[in-house]
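To convert, count from 1 in the sequence shown and add 598; that's this note's numbering. Data block below; observations after.
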Amino acid sequence: MTAKGTILEVKRFSVHDGPGVRTTLFLKGCPLRCLWCHNPEGIAPQPQLAYYAHKCINCGECVAVCPAHAHSLSDGVHHFDRIKCRACGACEPVCLGNALRLYGKSVTVEQAMELVLEDRDFYGAHGGVTLSGGEPLIQPEFCHELLSGLKREGIHTALDTCGCVTWDIMEKMMPLTDIWLYDMKHADSARHRQLTGKGNELIVANLRRLADAGARIEVRIPLIPGCNCSTEELRTIGKLLGEMRIEAIKVLPYHAMARNKYAALNMRNMMPTVTELNENTLHQAVTILRNHGVNAVSGEE
Numbered sequence: 599m600t601a602k603g604t605i606l607e608v609k610r611f612s613v614h615d616g617p618g619v620r621t622t623l624f625l626k627g628c629p630l631r632c633l634w635c636h637n638p639e640g641i642a643p644q645p646q647l648a649y650y651a652h653k654c655i656n657c658g659e660c661v662a663v664c665p666a667h668a669h670s671l672s673d674g675v676h677h678f679d680r681i682k683c684r685a686c687g688a689c690e691p692v693c694l695g696n697a698l699r700l701y702g703k704s705v706t707v708e709q710a711m712e713l714v715l716e717d718r719d720f721y722g723a724h725g726g727v728t729l730s731g732g733e734p735l736i737q738p739e740f741c742h743e744l745l746s747g748l749k750r751e752g753i754h755t756a757l758d759t760c761g762c763v764t765w766d767i768m769e770k771m772m773p774l775t776d777i778w779l780y781d782m783k784h785a786d787s788a789r790h791r792q793l794t795g796k797g798n799e800l801i802v803a804n805l806r807r808l809a810d811a812g813a814r815i816e817v818r819i820p821l822i823p824g825c826n827c828s829t830e831e832l833r834t835i836g837k838l839l840g841e842m843r844i845e846a847i848k849v850l851p852y853h854a855m856a857r858n859k860y861a862a863l864n865m866r867n868m869m870p871t872v873t874e875l876n877e878n879t880l881h882q883a884v885t886i887l888r889n890h891g892v893n894a895v896s897g898e899e
């Protein structure tokens, strides 16, 4: 095992990232730029330092340890020069207010294995490990080695993907992946490009090939008001998915709780400002999809 990966975090005892109780490893980097992204820290492939200004207590601990002099105190007030920052992470552990967080840390496959296998006693007969992101498959060597190691240990594996990678990468992961958690944002490619920065031709083609190959697939649809939740749009998605062998479809409600992350990372926030979906709207979407013969459920069930 020689590959290294850049990870965001490890989420333990998850029950929404595949069957059973799971440990989810989030990898950094994504080819899409979805307007509603609630994990903006997962978009760029390189490490990033987030500064949550509202948490800063102006303790000055970061000033003393920063090798790039990106932090300074002036009249007792903390200033962060993002241009100077090397995202080395030296400041994160000394920040007394937890205002600084490094997103993206390099680990070896062996280190990642140690992290996720700490919880193996809780997986039981149905749980296991899920690789998510960002988009995990833009780190294919790391994913392949890690999945291979997990299968040798007899651990159930899941891949949470947007599907926007070349088919050869996905094909290589097929023997090592027990279930695919596959995002579907919109059925129309032009609209998909407006919402995510890329068309969906590759995404749909990869999904068809996975389904034709007999892979276990759970499609996940993030339901975004004004973007993909009209009756017509849902019917189009339902018709598309109804033509494939899909095990289940989960409809996930949009939330805007990530807005503070954009400010902390100095990223432009383009998340839609809309009324959050209620349970009735979710069930209406599920009904429309089920009319096309698919096994659709609300992600809140």
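Positions of the beta carbon are idealized from the N, C-alpha and C atoms, including for glycine.
DSSP on residue i, reduced to helix/strand/coil?
| i | result |
| --- | --- |
| D758 | strand |
| P643 | coil |
| I801 | helix |
| L875 | coil |
| V817 | strand |
| V895 | strand |
| K703 | strand |
| K848 | strand |
| G732 | coil |
| A651 | helix |
| G726 | strand |
| I835 | helix |
| I605 | strand |
| S612 | strand |
| W765 | helix |
| H636 | coil |
| Y780 | strand |
| H790 | helix |
| H853 | coil |
| R807 | helix |
| H881 | helix |
| T621 | strand |
| H667 | coil |
Just how far apart, CA to CA, sit residue i and residue j?
| i | j | result |
| --- | --- | --- |
| I777 | D615 | 10 Å |
| W634 | A688 | 31 Å |
| E769 | P691 | 40 Å |
| R718 | L630 | 32 Å |
| E639 | E739 | 22 Å |
| R680 | G836 | 45 Å |
| V849 | C760 | 15 Å |
| A685 | P645 | 6 Å |
| I801 | R807 | 10 Å |
| T600 | L745 | 13 Å |
| E708 | T621 | 16 Å |
| D788 | I886 | Checking the sequence shown, residue 788 turns out to be Ala, not Asp. The straight-line gap from Cα to Cα measures roughly 22 Å. |
| E845 | S704 | 34 Å |
| L713 | G726 | 13 Å |
| L671 | N696 | 17 Å |
Judging by CA-CA distance, which residue of the options is the nearest neighbour of residue i?
| i | options | result |
| --- | --- | --- |
| V619 | I753, V802, C825 and H853 | I753 |
| C683 | L839, D673, V661 and V675 | V661 |
| T755 | E874, H724 and Y701 | H724 |
| M903 | E743, I822, V663 and W765 | What is shown of the chain runs 599 to 899, which leaves residue 903 out entirely. |
| D673 | V663, A666, P665 and G658 | G658 |
| I819 | R866, M865 and L838 | L838 |
| R595 | E708, D786 and T600 | What is shown of the chain runs 599 to 899, which leaves residue 595 out entirely. |
| T604 | E712, P734 and A811 | P734 |
| N656 | E743, H669 and E830 | H669 |
| D758 | S896, V895, F624 and I886 | F624 |
| V872 | C827, E799 and M865 | C827 |
| L863 | T885, V675 and I641 | I641 |
| L647 | V895, T621 and F678 | F678 |
| A811 | V817, E830 and R843 | R843 |
| G891 | E841, C693 and E831 | E841 |
| E830 | E845, I767 and Q882 | Q882 |
| C632 | E743, H784, P617 and S896 | H784 |
| G702 | V884, C628 and R866 | C628 |
| V675 | L694, C654 and I767 | C654 |
What do you reckon, are the CB atoms on residue i and residue j nearer than 8 Å?
| i | j | result |
| --- | --- | --- |
| R888 | M869 | no |
| I736 | P665 | no |
| H636 | M855 | yes |
| N804 | I847 | no |
| T706 | K602 | yes |
| Y852 | L880 | no |
| L698 | Y649 | yes |
| C825 | L793 | yes |
| M772 | A809 | no |
| C741 | K796 | no |
For the ligand SAM, any of its heavy atoms closer than 7 Å to the Cβ of residue i?
| i | result |
| --- | --- |
| A697 | The ligand SAM is not part of the structure shown, which contains no ligands of any sort. |
Please decide whether residue i counts as near chain B, where near means a Cβ-Cβ distance under 8 Å.
| i | result |
| --- | --- |
| T829 | Looking at the structure shown, chain B is missing, and only one protein chain is on hand. |
Would you call the stretch 728-737 and the stretch 604-622 in contact, with 3 or more CB pairs under 8 Å?
-> Yes: at least three Cβ pairs fall under 8 Å.
Cβ pair count under 8 Å reaching 3, the stretch 735-750 against the stretch 778-798 = Cβ pair count under 8 Å is below three, so no.
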